[in-house]
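Residue numbers (this note's numbering): 5 to 195.
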């Protein structure tokens, strides 16, 4: 059986249903494509955390297809007392006064360049290892970005018709998301 390695934030882990729920889009996608799934999500993950997970995975494993859905480009992380805090403007997971101070003088161009570099690195690593790759974003992107050859044309959040209390897709929307991704994979001849 062939294998998909999937990377992203909570948009790929089935929040709030959980990664083991049989009807979340990653699980139904793998089942319909007859592929094994390694869901390497990082809950509330920054792009730095997603990229770190990608690198760690491919240092020790391989897959036939890699799918990466990048998080909000300004989501970041703070390392304190042996803990990594994932933060984004307005987050509640870290004291607000520190979040405001952290983002007060940030250069958004640096975040965009950093995301661009990560997209390029994923493409290069997958190409050199003969791994089909599809990339996309969990959130809408409103800036110019050189996208991967097989860039999923919609953000995951734009495909949500009904949200949960935490802003994620309700279970009935997972089928729609899966269909869109599956069609793109087939149309792009990634498998």
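Here a beta-carbon is modelled for each residue, glycine too, at the ideal position from N, C-alpha and C.
Determine which residues share a DSSP beta bridge with residue 139 and list them. 72, 155
Within 10 angstroms of its Cβ, does residue 83 collect 16 or more other Cβ (buried), or is it exposed? exposed
8 Å contact criterion, which residue 195 and residue 69 should meet: CB distance rounded: 6 Å
Please state whether the Cβ-Cβ distance between residue 149 and residue 71 is less than 7 Å. no
Assuming residue 42 contacts residue 7 (C-beta within less than 8 Å), just tell me the rounded distance between them. 6 Å
So who's on the other strand from residue 91, going by DSSP bridges? 80
On the three-state DSSP scale, how would you describe residue 13? coil
With 16 other Cβ atoms within 10 Å as the buried cut-off, status of residue 162: exposed
Taking a contact to mean a Cβ-Cβ separation below 7 Å, would you say residue 182 touches residue 32 in this structure? yes
Residue ranges of each beta strand (DSSP E) run of no fewer than 3 residues wholly in the region 14-46, ordered along the chain? 39-45
How big is the Cα-Cα spacing for residue 50 and residue 188? 25 Å
With three or more beta-carbon pairs closer than 8 Å as the criterion, would you say the region 16-30 touches the region 164-183? yes
Identity of the residue in 145, 102, 44 nearest residue 65 by Cα: 44
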